[in-house]
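Student: Protein chains in written order, with the numbering used here: chain C, 76 to 187; chain G, 1365 to 1475.
Sharing a structure below in structure tokens format, with a few things to ask.
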């Protein structure tokens, strides 16, 4: 158990819909990362927050947004969902910037 | 943009054979980390290399960081079926501190 908690574990939704994925980082970790992993694909970095502020942005679509709240939990919002958004979405956390990244178990999103 | 390239994408070996995956960055790295993701699982941290030319070993796994701090490798000696999974490198860019993952190398081991 990495200490990073993600909910929901599985989610099935229809095209055009909007979903929110939630992440609680490890206790004491200030950085939260979001990654997308499609079937047989690598880890696509989406976005990183550090202590509530956006720190780095990767290949995140405009239909997607995220935020980190004062209690350091984070949410990833995916809207106007398309079939191609079906993937495993990982949240990860670390103490700071140059530290080990701990991954949650992921949220499986299936868009039908 | 800054990229971390990892090869090969796939590697299939017979149990007992050696395996190596390579990671190359377009820019200098302050450190590099390696992760392993078992099938159906999530990436798990293996090791971090920081110094130029650093070599670290974990049992049958040997990790190297290049002298220029732009490349790294993971070598597994005498693979076992428990080594199956995808190995990712992740480099932290020296200029902006961003971390970038390689695409991963998926290792399959035939008993």
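We put the beta carbon where it would ideally sit given N, CA and C, even for glycine.
None of these values were measured; they are calculated from a predicted model.
Identify whether residue 1445 of chain G lies in helix, strand or coil by the three-state DSSP scheme.
Tutor: On the second chain, position 81 is the one that residue 1445 of chain G refers to. Helix at residue 1445 of chain G.
Student: Is any beta-carbon of chain G found at less than 8 Å from that of residue 103 of chain C?
Tutor: Within the first chain, residue 103 of chain C is the residue found at index 28, counting from 1. Output row for residue 103 of chain C: interface = no.
Student: What residues in the stretch 1391 to 1410 of chain G bring their beta carbon closer than 9 Å to a beta carbon of chain C?
Tutor: Cβ contacts with chain C come from 1394, 1395, 1397, 1399, 1401, 1405, 1406, 1407, 1408 and 1409.
Student: For residue 141 of chain C, decide whether its Cβ has a neighbour in chain G, counting only Cβ atoms nearer than 8 Å.
Tutor: Along the first chain, read from residue 1 onward, the residue named residue 141 of chain C stands at position 66. It does not: the Cβ of residue 141 of chain C has no partner Cβ on chain G nearer than 8 Å.
Student: Which residue comes first and which comes last in the beta strand (DSSP E) that contains residue 1389 of chain G?
Tutor: Locating residue 1389 of chain G in the second chain gives position 25, where the first residue counts as 1. Its beta strand (DSSP E) spans residues 1383 to 1389.
Student: Return helix, strand or coil for residue 159 of chain C, following the three-state DSSP convention.
Tutor: Reading the first chain from its first residue, position 84 is the one you call residue 159 of chain C. Of the three classes helix, strand and coil, the one that applies to residue 159 of chain C here is helix, per DSSP.
Student: Please classify residue 144 of chain C as buried or exposed, where buried requires at least 16 other C-beta atoms within 10 Å of its C-beta.
Tutor: Position 69 of the first chain, counted from the start, is the residue given in the question as residue 144 of chain C. With fewer than 16 Cβ atoms within 10 Å of its Cβ, residue 144 of chain C is classed as exposed.
Student: Which first and last residues belong to the beta strand (DSSP E) in which residue 1470 of chain G is found?
Tutor: Residue mapping note: residue 1470 of chain G aligns to position 106 of the second chain, counting from 1. Taken as a continuous stretch (DSSP letters only), the beta strand (DSSP E) holding residue 1470 of chain G covers 1469 to 1474.
Student: Check the DSSP bridge columns for residue 88 of chain C and list the partner residues they point to.
Tutor: In the first chain, residue 88 of chain C corresponds to position 13, counting from 1. Looking at the DSSP assignment, residue 88 of chain C forms a beta bridge with C:186.
Student: Between residue 177 of chain C and chain G, is there a C-beta pair that is closer than 8 Å?
Tutor: By one-based count along the first chain, residue 177 of chain C stands at place 102. Answer yes: the Cβ-Cβ gap between residue 177 of chain C and chain G drops below 8 Å somewhere.
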